[in-house]
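Right, one structure below, let's go through it.
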Amino acid sequence: MRKKAFFYSIRWRMFLCITGIVMGTLLLTALLVGFVMRHYLEESAVETYSLSSRILNSYVEEGFSKIESETESFVFDSVIQRSLEPTPLTYLEESRMSNVWNRISSKYVKNGVYLDNKGHAYIKGNRGLTFSWDAYEVSKLFLATQESYGKLQWVWTEDTIFGTGETGIFLIRNVRNVDRPELSGVLILQMNPYLMEEAMKKADASEQLFYYIFDGEGQLCYEKGWEKGDEEKQQEQIKRIVEVLDFSKKSEIEVNPVQGGILFSCYEPGFGLTVVTEVPDNVIYEMTRLVNLTLLLIAAVMFLIAAAASLGMAYHFTKPISEISQTMEHFDGSSFDDKIKINTRTELDTIGSSYNSMLSRMEQLVLKVKEKEREVWSLELDSLYYQLNPHFLYNTLDNIYMMARIAKQKEIMNMIHALSRLLKISLNKGDGMLTVEEELEHVASYLEIQKMRFGDKFRYQVKCEEDVKNYQTMKLLLKPIVENSVKYGFAGMQSEGVIFINAGLQEGRICFSVYNNGKSIEKEKQHQLNHLKQMAPDGLKESLVTEKGGFGIYNIVTRMRMKYGEAFDIVYSVPEGGGTLCTLYLPLISPKKAI
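Numbering-wise (our numbering), the sequence shown opens with residue 417 and increments by one.
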């Protein structure tokens, strides 16, 4: 139990709070530092490796430019130009062909062949190297010669013309006579990887990075950085790179994210090559790991310090808090004398003082409640006596009615009868609900009394549809509306007033309508009355009680709110012939559902 209580104690809560704040602060700091470091390292990597990619691309371009310069020297050699003339080369000129081949560096070119316009092939390479005309005429090399006039082109393809079967870069150039419009020859050079290796060496290529060279169709021409045994991973990564890069773009430098790193691609316009440098994430974020490790060690130390400090502070406050807790726990409401007595010179003293004050107020409230209970009992007893008064009133009215009958005073008899019905509904229906038929009977009694009072000043008519008679409604809803019609609607009228009251069903609700042909309601007042339902209780009372007839409307709207909530509507309108029409819409409540 002690162990369980500890985990519900202030000490445990303070421990969690302080350590949580410390660890949360460290976590936010780590996230912020990590975000800043990552952003900084990414920007630094983009700047550094963009420059590195440009340098590498420039060295690749430099190598190809050397080859292009050497091929220019080869093409314009007098022997090569002579070979394009109609007459064949002499023996001496053919013997000079090997010297012409020396114009092209052997460190870049592995094999080569010069085809003149008379079907002769002059080969550069190892002894025994042969050239296949048949293979040449169906190769990509032959197609490339048809697409260029005299520009040096390169093709990535498999060697079929020399029979080595190796896949690599071939440089092709049409050789034309500068003086005569003769048929052109073709120079084909099979390159070795030394040109790429030399560019990598000059650019100081890192062993932690990966380098690729692609042609315009996305074919890999060269790669560096992958170790043997990783061929499957290499192929998967190359596939991802090809999907990411857009080889149709001719940008100087382009940066693209790829799974596991960032790509820096640079287009070499001379030969249409794209040089790509892949920088792995572990190279970019190597510094981040060191920072994270340092933050982890700091977090561990801070956690231990925070834990010790929180436990020490919690222990200091445990005793007075325990006293407060025990005192409150043992309070059962039977005695108000068990007060808290502590003196810590902290906010706990305020808690103890407030608790003691609360006990004193509770004691006073208990005494007041007991006094109120005695008053309620007294009122309930008085109400039993007051219930006898209506019976006395009815008996008195019956006696007056009989006296009027004996005296043959028919008007007095009718008035007493109407008043008796009016009082019977008003006083005896104590539950606040009655049927629609009874509500209309109550209004008719009121109008009958008023008609006797005012004579022929107005006439009235009350109708009730048969299918709505037995539904329940609140009592005394229509009387304030009818009373306003009599008092204010007919004020100043010279002709006879008319009041029509109707009850029926409309769209699944009870519909009461009260019409008088008196003075039409003003538009401003109409707008106010039609928005009573949306008004706050205080605003409703303030806007109606001071108006003529406003208290009665305030009374029925307030009662309908308490009974029906938002399920009622009250609408004032002016019919075409003038006058005022008030319509009430109430929810259906059958006699069985009456409350």
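Where is the CB? At the ideal position from N, CA and C, for every residue including glycine.
CB contact flag (residue i, residue j, <9 Å)
i: Y876; j: V852; result: no
i: M909; j: K935; result: yes
i: I483; j: V525; result: yes
i: E668; j: F680; result: no
i: Y628; j: L636; result: yes
i: L587; j: L599; result: no
i: I917; j: Y904; result: no
i: F547; j: I520; result: no
i: F719; j: V438; result: yes
i: K755; j: N772; result: yes
i: I897; j: C998; result: yes
Opposing strand residues paired with residue i [DSSP bridges]
i: C998; result: V930 and Y988
i: P673; result: I678
i: N527; result: Q606
i: N590; result: V602
i: L921; result: I926
i: Q1029; result: The displayed coordinates of the chain run from 417 to 1011. Any statement about residue 1029 would go beyond what the structure contains.
Distance between beta carbons of residue j and residue i, contact taken as under 8 Å
i: E614; j: G479; result: 6 Å
i: K556; j: T573; result: 5 Å
i: T693; j: S460; result: Contact doesn't hold; Cβ gap of about 15 Å is too wide.
i: T487; j: L568; result: 6 Å
i: I714; j: L444; result: About 14 Å; that fails the 8 Å criterion.
i: Y552; j: G601; result: Not really, about 13 Å apart at Cβ, beyond 8 Å.
i: Y610; j: K540; result: Not a contact, Cβ separation roughly 16 Å.
i: L894; j: V859; result: 5 Å
Member of the options whose CA lies at the smallest distance from the CA of residue i
i: W428; options: L727, V707, C927 and D697; result: L727
i: L1000; options: L709, M778, A919 and L557; result: A919
i: G535; options: G541, L500, A560 and P673; result: L500
i: D753; options: M774, T762, T760 and L764; result: M774
i: N698; options: L587, G688, Q624 and P504; result: Q624
i: M616; options: G641, L603 and E684; result: G641
i: P673; options: Q651, L720 and V658; result: V658
i: M849; options: R777, T546, H947 and Q888; result: Q888
i: V987; options: V525, L948 and N533; result: L948
i: F870; options: G688, P896, M831 and K879; result: M831
i: E633; options: Q675, W570, T710 and K644; result: W570
i: L863; options: E938, N900, C880 and E509; result: N900
i: G688; options: A722, E648, V476 and M976; result: V476
i: E923; options: L1004, A716 and N886; result: L1004
Burial state of residue i (16 or more Cβ within 10 Å)
i: N515; result: exposed
i: S664; result: exposed
i: I822; result: exposed
i: E702; result: exposed
i: I926; result: buried
i: Y456; result: exposed
i: R589; result: buried
i: W549; result: exposed
i: S1006; result: exposed
i: F874; result: buried
i: L447; result: exposed
i: L945; result: buried
i: K1052; result: In the structure as shown, the chain begins at 417 and stops at 1011. Residue 1052 is therefore absent and cannot be evaluated.
i: E854; result: buried
i: A560; result: buried
i: D532; result: buried
i: Q562; result: exposed
i: T583; result: exposed
i: S741; result: exposed
Heavy atom of the ligand MG within 8 Å of residue i beta-carbon
i: M778; result: For the structure depicted, the ligand MG is absent and the ligand set is empty, with no information on it obtainable.
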